[in-house]
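Everything below concerns the one structure shown next.
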Amino acid sequence: MEFKDNEKRYWNSFYSTDIGNYSINRDLSYHNNFKNLLKQLPAGSKILELGCGVRCDGLEIAISGKTVYETDISQVAVDNAKKIYQNLGLEKQGIFLTCDAENLPFANNFFDGVFMAAAFHHLANQLVALREMKRVVKPGGLIILGVEPNAWPYFTIFILLKPLKIFIRKINQKKFSSVADDTTRGFTKKQLKKVFKNAGLEILFLKRAKYLSEFYDSGLRLLNKMLGKDFSTNRYLEKILVVTDSVLVKIPLINWFNWHWSVIACKPINKKINNKVF
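Just so you know, we're using the UniProt record's numbering here: the sequence shown kicks off at 1 and counts up by one.
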């Protein structure tokens with residue numbers, strides 16, 4: 001419980017600041033990849049977003065005619081999601097509640113799809129959470145984890161940057177920090193395959209994500225934290241970097257150094273997906 005309580009305090013605090021809104025602009029191109037899969041589901045489909053944060057990835061899915069359940073451990077995030085839907089006249093397309101991904105308050109086989117973006121490493125027990133996702137999704141339903149950290153930077157680059165991290169926290173006088181961000185070591189390909197297998201899920205795609213684009217994103221985050229200002233992502237530059245990443249991922253050896261993973265899985269039955277979409 002201490003882990004979860006810490007995360008809840010941190011995110012409520014973070015999302016209450018202007019700098020927390022920076023998350024809205026991060027990695028849009030990569031998020032669009034997995035959102036497109038859910039947008040292609042039939043109108044009226046029920047979609048669960050876990051860890052909606054301030055971005056509200058489910059918004060575009062709701063616009064495409066689905067009912068999206070926006071959830072987060074942070075009440076501030078959920079309230080923000082509700083306001084965004086209301087401002088766009090989409091409140092009937094969204095349902096908003098705080099909940100724990102490891103103990104979901106939904107019936108078995110309820111959703112057509114479940115997704116979580118950049119939040120899986122913030123869970124105390126990831127296997128339990130995956131089993132909960134499997135329980136609430138219909139047979140053949142999609143379970144998507146987007147933009148989760150790879151392991152290699154935690155044993156190389158991040159060790160060298162630790163003094164800078166300590167310095168930034170001192171100058172910002174941070175009262176809270178994410179225990180998940182402080183303790184995660186990312187995921188290897190083998191680890192992701194194992195946890196999905198143990199949860200009884202079938203991986204359809206395990207995709208490497210982010211190469212040069214991560215340096216740009218990390219640089220903006222560093223400026224945001226050091227200066228306390230919101231430096232938004234330049235959409236044109238991001239698109240150029242994403243195209244560059246699409247080339248790097250095809251080059252042997254270099255493609256091992258992806259910063260993140262995206263996983264598309266399903267509750268087992270034979271369900272084909274057009275792999276050109278992702």
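C-beta atoms are modelled at their ideal positions from N, C-alpha and C, and glycine is treated no differently.
Computed from a predicted structure; not experimentally measured.
Between I143 and G65, what straight-line distance do the alpha-carbon atoms span, to the nearest angstrom? 19 Å
May I have the straight-line CA-CA distance separating I24 from C56, to the nearest angstrom? Confidence is the limiting factor: at I24 the pLDDT is only 49, short of 50, which leaves the residue's position unreliable, though a coordinate-based value still follows. Rounded to whole angstroms, I24 to C56 spans 8 Å at the Cα level.
Considering only C-alpha positions, which residue in the set P105, L88, M133, H122 is nearest to S177? H122
Counting pairs of Cβ atoms below 8 Å between the segment 45-54 and the segment 108-124, do you hit three or more? yes
Okay, do the segment 240-250 and the segment 131-141 touch, 3+ Cβ pairs below 8 Å being the bar? no
Comparing C-alpha positions only, which one of A151, E70, K8 sits nearest to A124? K8
W261 bridges to which residues according to DSSP? E148, R208
Quick one, are the C-beta atoms of L241 and L222 less than 8 Å apart? no
Look up I143 in the DSSP assignment and give the residues it is bridged to. V114, A265
If we cut at 8 Å on Cβ distances, does E91 have a partner in chain D? The chain inventory of the structure shown lacks chain D, comprising one protein chain alone.
Is there at least one non-hydrogen atom of the ligand FAD closer than 7 Å to the beta-carbon of K210? With respect to the ligand FAD, the structure shown offers nothing to examine, as it has no ligands at all.
Out of L164, D182, W261, which has the shortest C-alpha to C-alpha gap to K193? W261
If you follow the alpha helix (DSSP H) that Y69 is part of, which residue opens it and which one closes it? First-last for Y69: 67-72, but that is the beta strand (DSSP E), not the alpha helix (DSSP H).
On a CA-only basis, which of K35, T184, E132, A81 is nearest E70? Give me that one, please. A81
8 Å contact criterion, which V78 and T98 should meet: CB distance rounded: 5 Å
I'd like to know whether the C-beta atoms of I269 and M226 end up nearer to each other than 8 Å. no
Measure the Cβ-Cβ separation of A180 and L127 and say whether it is below 8 Å. no
Which whole-angstrom value is the C-beta distance of S74 and W11, which I expect to be below 8 Å? 4 Å
Could you tell me the distance, in whole angstroms, from the CA atom of Y22 to the CA atom of F106? Here the model assigns Y22 a pLDDT of 46, short of 50, so the residue's position is not dependable, and the following value carries that caveat. Going from the Cα of Y22 to the Cα of F106 covers about 31 Å.
Would you kindly work out how many angstroms separate the C-alpha atoms of N150 and L41, rounded to a whole number? 29 Å
Look up residue 282 in the DSSP assignment and say whether it is helix, strand or coil. The chain is shown only over 1 to 278; residue 282 falls outside these bounds and no answer can be derived.
For K35, which three-state DSSP category applies? helix
For residue 293, which residues in the same chain have their Cβ closer than 7 Å to its Cβ, ignoring the five residues on either side in sequence? The structure shown does not extend to residue 293, since the chain spans only 1 to 278, so no value can be given for it.
Would you identify the three-state DSSP class for D100, choosing helix, strand or coil? strand
For my contact list, L204 and I264 are in at a C-beta cut-off of 8 Å; report their separation, rounded to the angstrom. 5 Å
Just how far apart, CA to CA, sit L160 and D217? 18 Å
Can you tell me where the beta strand (DSSP E) holding K50 begins and where it ends? Looking at the sequence itself, residue 50 is Leu, so the reference to Lys does not match. Counting along the chain, the beta strand (DSSP E) containing L50 begins and ends at 46-50.
Taking V195 and L90 to be in contact with their CB atoms under 8 Å, please state how far apart those CB atoms are, rounded to whole angstroms. With 8 Å as the limit, V195 and L90 do not qualify as a contact, their Cβ atoms being about 34 Å apart.
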